[in-house]
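Data first, discussion second: the structure below is written as structure tokens.
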């Protein structure tokens, strides 16, 4: 995988020599990669040339990323599953390691407040991250802020678009939702034993997503001139997740606060905010060091919002 190049051919013999395997082994591996969806051109006397990556999260490429990760121990891959969150929770008792659950398709994907998240096959990234931070449960709000930046910046870097963050768990492009994530925890005596963070990103154009007026795909936003390289995105995404998670463990929110505010799409706009006690309207004034949203409601009162559904 790492030897194949988009710009030039590499001979099968060179690959075999570099890896210390036979030409037959190289041919068999190339065959497997083609079956997994890689477009690889083979030319006699020239060798192999990578043309395009699959239009879905590829198990071989993801396994390679996880093997190089200092954060995650393993990956569990499904072609289809009701929900990566459900799979992740079912695996929690098996060990105390950190791992990633990925699916090509979810049939019962869900977001916050048990809302349905449409997850058609091979059109998006459907992934749950299982982390073991051993931190106070009150820190979970900060976790969401760090992770939202990791996701938003990954989409920007890989596809050349400009995302915005809607507090607390949504990523927007052009005023429409491109990604949502759901953070759930297992805790005891106020200490988090495990974070299970489920992330859904609309990558490629799809009729299901296209019928939702408030949703958008990265491909639709980026335009036809942008090469949609999902392998590159996953490499960027996993790297940013690891970086921002380590920063979350070692730094206060103040270190990323200005960056987060610059990426936010909620300031200076009228918001509809639904909490457990009811719904009110107001404007976001700022965000506290603990990650609470400060809102000036229509009655002139300043409220601190800890957990709520925010509508633009």
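In my numbering, the protein residues as written are 97 to 408.
For glycine and all other residues, C-beta sits at the position ideal for the given N, C-alpha and C.
None of these values were measured; they are calculated from a predicted model.
Enclosing alpha helix (DSSP H) for residue 370 [first to last residue]: Here residue 370 belongs to no alpha helix (DSSP H); instead the beta strand (DSSP E) covers 366 to 371.
Those residues which DSSP pairs with residue 174 across a bridge: 199
Neighbourhood of residue 179 by C-beta distance below 7 Å, restricted to the same chain and skipping five residues each side: 202, 204, 205 and 206
Runs of beta strand (DSSP E) lying entirely within the segment 106 to 157, each at least 3 residues, in chain order: 135 to 139 and 143 to 148
Buried or exposed by the 16-neighbour rule on C-beta atoms within 10 Å, applied to residue 127: exposed
Boundaries of the beta strand (DSSP E) in which residue 393 is found, first to last residue: 389 to 393 is the span of the beta strand (DSSP E), which, as asked, contains residue 393.
Proximity to residue 348 [Cα-Cα], best of 97, 299, 359 and 241: That would be 241, whose Cα lies nearest to the Cα of residue 348.
According to DSSP, residues forming a beta bridge with residue 375: 370
Residue 225: first and last residue of the uninterrupted alpha helix (DSSP H) it sits in: Where residue 225 is concerned, there is no enclosing alpha helix (DSSP H), although the beta strand (DSSP E) it sits in stretches over 220 to 227.
Inside the segment 291 to 373 only - alpha helix (DSSP H) runs reaching at least 4 residues: 303 to 306, 314 to 318, 326 to 346 and 353 to 359
Residue 238: first and last residue of the uninterrupted alpha helix (DSSP H) it sits in: Counting along the chain, residue 238 sits inside the alpha helix (DSSP H) bounded by residues 236 to 255.
First through last residue of the alpha helix (DSSP H) which encompasses residue 183: 180 to 187
Assumed close pair residue 248, residue 236 - CB separation to whole angstroms, cut-off 8 Å: Not quite, the Cβ-Cβ distance comes to about 19 Å (not below 8 Å), so this is no contact.
Candidates 116, 355, 335 and 354: closest to residue 250 by CA position: 335
Same chain, Cβ closer than 6 Å to residue 333, five either side skipped, listed in chain order: 250
Cβ neighbours of residue 274 in the same chain (closer than 8 Å, five flanking residues each side left out): 251, 259, 267, 268, 297, 298, 311, 312, 313, 314 and 317.
Neighbourhood of residue 173 by C-beta distance below 6 Å, restricted to the same chain and skipping five residues each side: Contacts found: 155 and 198.
Cβ separation of residue 367 and residue 392, assumed to be a contact under 8 Å, to the nearest whole Å: Wrong, their Cβ atoms sit about 10 Å apart, outside the cutoff.
Buried versus exposed call for residue 124 [16 or more other C-beta atoms within 10 Å across all chains shown]: exposed
Which of helix, strand or coil DSSP assigns to residue 214: coil
Residue 278 (DSSP reduced to helix, strand or coil): strand
Reference residue 327; option with closest CA among 398, 193, 191 and 149: 149
Cβ pair residue 146, residue 162 closer than 7 Å: no
Exposure of residue 139, with buried meaning 16 or more beta-carbon neighbours within 10 Å: Answer is exposed; the Cβ neighbour count stays below 16.
Touch test, the segment 367 to 380 against the segment 388 to 406, Cβ-Cβ under 8 Å, three pairs minimum: They touch, by the three-pair rule.
Residues of its chain near residue 114, where Cβ-Cβ distance is below 7 Å and the 5 sequence neighbours each way are ignored: Cβ within range, chain order: 99.
Residue of 359, 369 and 290 minimising C-alpha distance to residue 225: 290
Top-ranked residue by Cα proximity to residue 218, from 195, 177, 294 and 256: Check the Cα spacing between residue 218 and each of 195, 177, 294 and 256: the tightest is with 177.
Coarse secondary structure for residue 77, derived from DSSP in three states: The structure shown has nothing for residue 77, since the chain only spans 97 to 408.
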